[in-house]
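Peer 1:
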Amino acid sequence: MSWISAITTVSQWILLYPVTFLIYYGYRLLRLLATPLVKLGQFTFHCTLLPFNLVLKFEAFLTFVLAAILTGASLGLLLYYTSSFVVEILNQSLGLTYPLPRHTQAHTIKEPKSNALERGYSPLNEYLAGSGRQIRKSGLLSSTILEEEESNQDSNGDDIYD
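If you read the sequence shown in my numbering, its first letter stands for residue -19, the second for the next number, and so on.
#1: Excluding the 5 residues preceding and the 5 following Q22 in the sequence, name in chain order all residues of the same chain whose CB lies nearer than 6 Å to its CB.
#2: Leaving out the 5 sequence neighbours to the left and right, which residues in its chain are closer than 7 Å to L(-5) when beta-carbon positions are compared?
#3: Hey, quick one: how far does the alpha helix (DSSP H) through G6 stretch, first residue to last?
#4: Consult DSSP for G75 and reduce its assignment to one of helix, strand or coil.
#5: Do you know offhand how far Y60's Cα is from I49's?
#6: CA-CA distance, L12 and L20?
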């Protein structure tokens, strides 16, 4: 039996050693030929990740800026909606309501602009509309400031301090 084990061992060395030798040196040759391609791939990968590496250098600053932007936007929106809600509530509690604009129908004719001024909500609108007409009619003379003369007389012409 020792002869059989010796023959199998020698035959394995004779048959397997050259195959192992060919596989090993074939692998070395392929590795040598593939090295430039591997290095080119690594360089491309490194260049692709370079912007992310630059961003990582400013990670703390960018985190601070992002937190500031999110905080400012959220507090700004909160302030806007809170203030508009408070204004709405105060207007309702004081009885101030604004009439909703009426939608004109297609078959109705729009009124001229002069009628729109007459339909104003308060007497102030009529006053402003009247003053606008005067400025247009008289030009620059209506915009001059007239100073009152000081006098010690009442409307009848009598002296007040006598």
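Virtual Cβ for every residue (Gly too), placed ideally from N, Cα, C.
Peer 2: On the basis of the data shown:
#1: Taking the sequence shown and counting its residues from 1, one reaches residue 22 at position 42. Only residues of its own chain outside the window of five on either side were considered, and among them none has a CB closer than 6 Å to the CB of Q22.
#2: Reading the sequence shown from its first residue, position 15 is the one you call residue -5. So no residue of the chain qualifies.
#3: For the purposes of this step, residue 6 is taken as residue 26 along the sequence shown, with counting starting at 1. Per DSSP, the unbroken alpha helix (DSSP H) holding G6 starts and ends at -18 to 37.
#4: Taking the sequence shown and counting its residues from 1, the one referred to as residue 75 is at position 95. Of the three classes helix, strand and coil, the one that applies to G75 here is coil, per DSSP.
#5: Along the sequence shown, read from residue 1 onward, the residue named residue 60 stands at position 80. Along the sequence shown, read from residue 1 onward, the residue named residue 49 stands at position 69. Rounded to the nearest angstrom, the two C-alpha atoms are 16 Å apart.
#6: For the purposes of this step, residue 12 is identified with residue 32 of the sequence shown, where counting begins at 1. For the purposes of this step, residue 20 is identified with residue 40 of the sequence shown, where counting begins at 1. Straight across, the Cα-Cα distance linking L12 with L20 is about 14 Å.
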